[in-house]
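One structure is given below, encoded as structure tokens.
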Amino acid sequence: MDLPNYFIIDTQPEARLSPGMITEACRQLKRNRAQYLRDIPTAQTITLLAQLADNWRDDLFPFRKMALEAGQEATGFSSASLARGLDEFFARITEENLHNLITQELGDPRRLDAPLATPEERADNRTAFARGPELIGHITAGNLPCPTLMSLIYGLLVGSAQFVKCAENAGFVPQLFAHSVYHTHPKLGACIELARWPGGDHPLEEALFNEADCVVAVGRDETLEAIRSRLPNGKRFLGHGHRVSFGYIHKDFLSRAMARELAKNAARDVAAWNQLGCLSPHVFYVERDGAVRPEQFAEMLSEAINELEQSEPRGEITDAEAGEIAHRRSCYEIREAHTGDVRQWMSEDSTAWTVVYEEESRFSTSCMNRFIHVKAVANLDETLHAAEMARGQVSTVGLAAPKSEAEAMVIQLAHWGVTRVCPIGQMQNPPLGWRHDGRPSLGDLVMWMDWEL
Amino acid sequence: MKFSTFNEATDAVMQMIRAGEGDFNHLALALFALQKEHVPAYRDLCQTRSITANHWRDIPTVPTSAFRDLEITSLSPKTRTTAFHSSGTTGATYSCHWHDSSSLAVYETSLRAGIEKNLQPNNCQILALTPPPTEVPHSSLSHMAATAHPSVVFGGCITDTGWSIDHDIIYRACAKAIQTQNPLLIIGPAFSFVHWLDQLDAPIALPATSRVMETGGYKGRSRELSKTELHKLISKNLGVARNHIVCEYGMCELSSQAYDRIAGQQTAAAFTFPAWARSRVISSETGSEVDDGDTGLLQIFDLANIRSVLAIQTGDLAVRRGEGFELVGRATQSDPRGCSLALAEN
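Residue numbers (the working numbering), protein chains in the order written: chain L, 1 to 453; chain E, 454 to 799.
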């Protein structure tokens, strides 16, 4: 891959990082922000981001080409999976959506440019102005590129300089995205920096934490706690811990035709990002007493995943990941033979996909990489009881339920702790205005200045 | 060869263990035929798959996790006299491997033979960094230490948080060894060595030819070191020569153990089992045996597993090294990538 050396990450692993280097990079970012980014009108940033996103969906766009060509090796995803994931992500980044996002979060799309009033504030005879952090430090996790891209876009919208610390062996797509920003608008690109180091390298992170006024981190709960405890006083910390998701299908949605359609959509949720994200389903709970039984639904799901494997193969995974799938399969195989309350469908001569149906409704965490559980339940009460072990850690529920009952179910899910409900098939494709972990995306980033007139 | 009863199978396997050699393939097929009849879950598995085994490699394996979910035994509840459990984190479910007095005798004979050959403890005093079997009756490692020698000293104890080290007992055992210049054989899991050595005031020098049997495994109970680091720590703090540190590979679902060297041997080889147990490394993708030097899931075929099943699918990743293997790590409960989480499988 031939990229110019704009960012620290471009010079790695040759370049050796030092805390002094990080400090200096952060200060330069802040100078660049003051000079170039802070005073760019929001509308201009929005236009630029929307155009950039549009380019990313164009097969001839060089950065997209690079991402897809090096995809499997650099990200672990097959080209087709990566292409679908990037297409769905960038399709959301339109001018209209970006305007709406700011309006949703801040009350008016121009709030980041000048003090303005909503009708309620006007009645109170005041205006308010929102500003983003001077420098956001991102601690990113794992292999899913989109959460990092989303964070970068939020940061650009609120006019912040940003330093992205990538995990080891990760950060390839964010690196390409940053280059595409630089290529489109070098001054904006000059307000972004990326580097890679092993998590918990205290001296390097300390340098970043000292310079940033806001730290956004994604990772395990222990990692987040460790970061929080090391932040100097007065720094804002936004931590996003690991989450799991599941699907729920009401019996009224289990006619043969509807079930088949749902199975196709559910397969897309399983295949998206190889099931590795917080929004990916681990289990589909299916109500008994529908025209299609839960076990039949599981079989339909297996057919749909198999079909998807042809057009959007999972790609290679590590020995340990494959080993875990093989080991779990052999355990379900003997249970299937012996107890009869389990059935399993799987790809032949490969670990590409696995569907396990169980009568037992207790929540199961999948080992991911397209390994999905289907469980039979009587109703939502039973489901939430069975999923108690995951309570507080569930992000999304993909729901198929009749309108007459959906609202009551959604309220029940909200009280139980779920922060997002969406149609099955859209679990890994949240809208731009989605509130990650139930928190406002831009609202948590900005500081307000109220001006009483 | 055909066994009509488990007694016949026991006698034949005992004979092979005592002799140190025998016809592995025939014994394995005969024992398999018996187990297929008498272990209900296994019978169902073999029926579903319509298995016919013409070679020990054809014998279907049972995953270690099935010992957690199902009863993998031919023993009726009344005849189960001993149960070995897997050591898991607190609160987690565990595997269960049952024995009666006769299958326990096979297990003991097998483990003694392994220790005799690889650790040659003839003149050694034995110190186990585990609690005694009276305190942990379901620990196969503690039972193993007790079986190794009647006068073994147990330097471990039970606390609220799990196994711990009794520094006084260990100190006295070491002091006595140094005073009498009788070599010491220390048996323990990796985390117990770390617990002990992290709190040792100053290095000690155990008598020459003292030896260590280390079983690997941390399970989050101590800080984790690589094998090289751990052996360096042991060698530096106890004065045990590196070539006298022997790694053992065993688990509660097995009745035989693999070792990576004979104490004193200059270079550690791959893990190998005694003649009555074999290993295979298979591809997770296709289930077929991998080429030499390639990585896959480890399977063990252990004739000393009389009353359960002889063919075990472990959750361990290994590199095939000829007839032996090199351990890479756990395939199961691996840390998920991305931003999903592994909830405790409780």
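Positions of the beta carbon are idealized from the N, C-alpha and C atoms, including for glycine.
Exercise. Look at the alpha carbon of Gln428(L) and the alpha carbon of Ala378(L), and state the distance between them as a whole number of angstroms.
Key: 26 Å
Self-check item: Three-way DSSP call (helix, strand, coil) for Phe61(L) in this model
Solution: Three-state result, Phe61(L): coil.
Self-check item: For Ser395(L), three-class secondary structure by DSSP
Solution: strand
Exercise. For the beta strand (DSSP E) holding Val605(E), just list the boundary residues, first then last.
Key: No beta strand (DSSP E) contains Val605(E), which DSSP labels as neither H nor E.
Exercise. Could you name the residues that DSSP lists as bridge partners for Met346(L)?
Key: Looking at the DSSP assignment, Met346(L) forms a beta bridge with Thr354(L).
Quiz item: Whose C-beta lies closer than 6 Å to the C-beta of Phe297(L) among residues of the same chain, with five residues either side of it excluded?
Solution: The residues are Ala259, Val286.
Quiz prompt | Where the segment 721-748 of chain E meets chain A: residues whose CB sits under 7 Å from a CB there | solution = Judged by its chain identifiers, the structure shown contains no chain A, and its protein chains are L and E.
Quiz item: Under 9 Å between C-beta atoms, does Cys331(L) make it to chain E?
Solution: Yes, Cys331(L) counts as interfacial toward chain E.
Exercise. Return yes when at least one heavy atom of the ligand SAM lies under 8 Å from the C-beta of Asn571(E), else no.
Key: This structure simply doesn't include the ligand SAM, nor any ligand for that matter.
Quiz item: If Ala637(E) and Leu564(E) are in contact, beta carbons under 8 Å, what's the gap, nearest whole angstrom?
Solution: The amino acid occupying residue 637(E) in the given sequence is Leu; Ala does not appear at that position. Wrong, their Cβ atoms sit about 19 Å apart, outside the cutoff.
Quiz item: For Val342(L) versus Glu324(L), is the C-beta distance shorter than 9 Å?
Solution: no
Quiz prompt | Nonlocal neighbours in the same chain, by C-beta distance under 6 Å from Trp434(L), ignoring five residues either side | solution = Hits under 6 Å: none found.
Exercise. May I ask you to report which of helix, strand or coil DSSP gives Val446(L)?
Key: DSSP places Val446(L) in coil when its eight states are reduced to three.
Quiz item: At a Cβ threshold of 9 Å, is Arg502(E) touching chain L?
Solution: yes
Practice problem: Assign Lys531(E) to buried or exposed, taking buried as 16 or more other Cβ atoms, counted over all protein chains shown, within 10 Å of its Cβ. | Solution: That one is exposed.
Self-check item: Alpha-carbon to alpha-carbon, Trp197(L) and Ala15(L)
Solution: 11 Å
Quiz prompt | Alpha-carbon spacing of Asp437(L) relative to Asn97(L), whole angstroms | solution = Roughly 20 Å between the two C-alpha positions.
Practice problem: Pick out whichever of His282(L), Ala67(L), Leu106(L), Ser364(L) has its Cα sitting closest to the Cα of Gln175(L). | Solution: Ala67(L)
Practice problem: Measuring only between beta-carbons, confirm whether Tyr671(E) sits less than 9 Å from chain L. | Solution: no
Self-check item: Where Glu382(L) sits in the DSSP three-state scheme
Solution: helix
Practice problem: Measuring only between beta-carbons, confirm whether Ser518(E) sits less than 9 Å from chain L. | Solution: By this cut-off, Ser518(E) is an interface position.
Quiz item: By the criterion of Cβ-Cβ separation under 8 Å, what are the contact partners of Thr396(L) in chain E?
Solution: Within 8 Å Cβ-Cβ: nothing; Thr396(L) doesn't reach chain E, min ~12 Å.
Quiz item: If you follow the beta strand (DSSP E) that Met427(L) is part of, which residue opens it and which one closes it?
Solution: Unbroken run through Met427(L): none, as it is neither H nor E.
Quiz item: Roughly how many angstroms lie between the CA atoms of Arg314(L) and Asn635(E), to the nearest whole one?
Solution: Cα to Cα, the separation comes out at about 59 Å.
Quiz item: Taking the alpha carbon of Ser540(E) as the point to measure from, which residue in Ala462(E), Ser708(E), Thr505(E), Trp616(E) has its own alpha carbon closest?
Solution: Trp616(E)
Practice problem: Report back the beta-carbon spacing between Ala728(E) and Phe477(E) to the nearest angstrom; my notes put them in contact at under 8 Å. | Solution: 7 Å
Exercise. Could you confirm whether any beta carbon from chain L is found closer than 9 Å to the beta carbon of Ala795(E)?
Key: Confidence at Ala795(E) is low in this model, with a pLDDT of 41, below 50, so its placement is unreliable and no value can be given for it.
Quiz item: Is Ala771(E) near Val734(E), with beta carbons less than 9 Å apart?
Solution: yes
Quiz item: DSSP state of Leu750(E), grouped into three classes?
Solution: strand
Quiz item: Cα separation between Thr543(E) and Glu667(E)?
Solution: Caution is warranted here: a pLDDT of 47 is assigned to Thr543(E), below 50, making its placement in the model unreliable, and the coordinate value is therefore given only provisionally. Computed Cα separation, rounded: 22 Å.
Quiz item: For Gln344(L), which residues from the same chain have a beta carbon less than 8 Å from its beta carbon, with the 5 sequence-adjacent residues on both sides left out?
Solution: Arg329, Tyr332, Glu333, Glu336, Thr354, Val355, Val356, Tyr357
Quiz item: Counting contacts by CB-CB distance shorter than 9 Å, is Glu454(L) in contact with chain E?
Solution: This structure gives no information on residue 454(L), because the portion of chain L shown stretches from 1 to 453.
Self-check item: Contacting residues, own chain, Cβ-Cβ under 7 Å from His807(E) (five flanking each side not counted)
Solution: Shown here, chain E extends from 454 to 799; a query on residue 807(E) therefore has no answer.
Practice problem: Let me know the secondary structure DSSP gives Cys549(E) once reduced to three states. | Solution: strand
Practice problem: For Glu524(E), name the three-state secondary structure that DSSP assigns. | Solution: coil
Quiz item: Nearest chain E C-beta to His327(L) closer than 9 Å, yes or no?
Solution: yes
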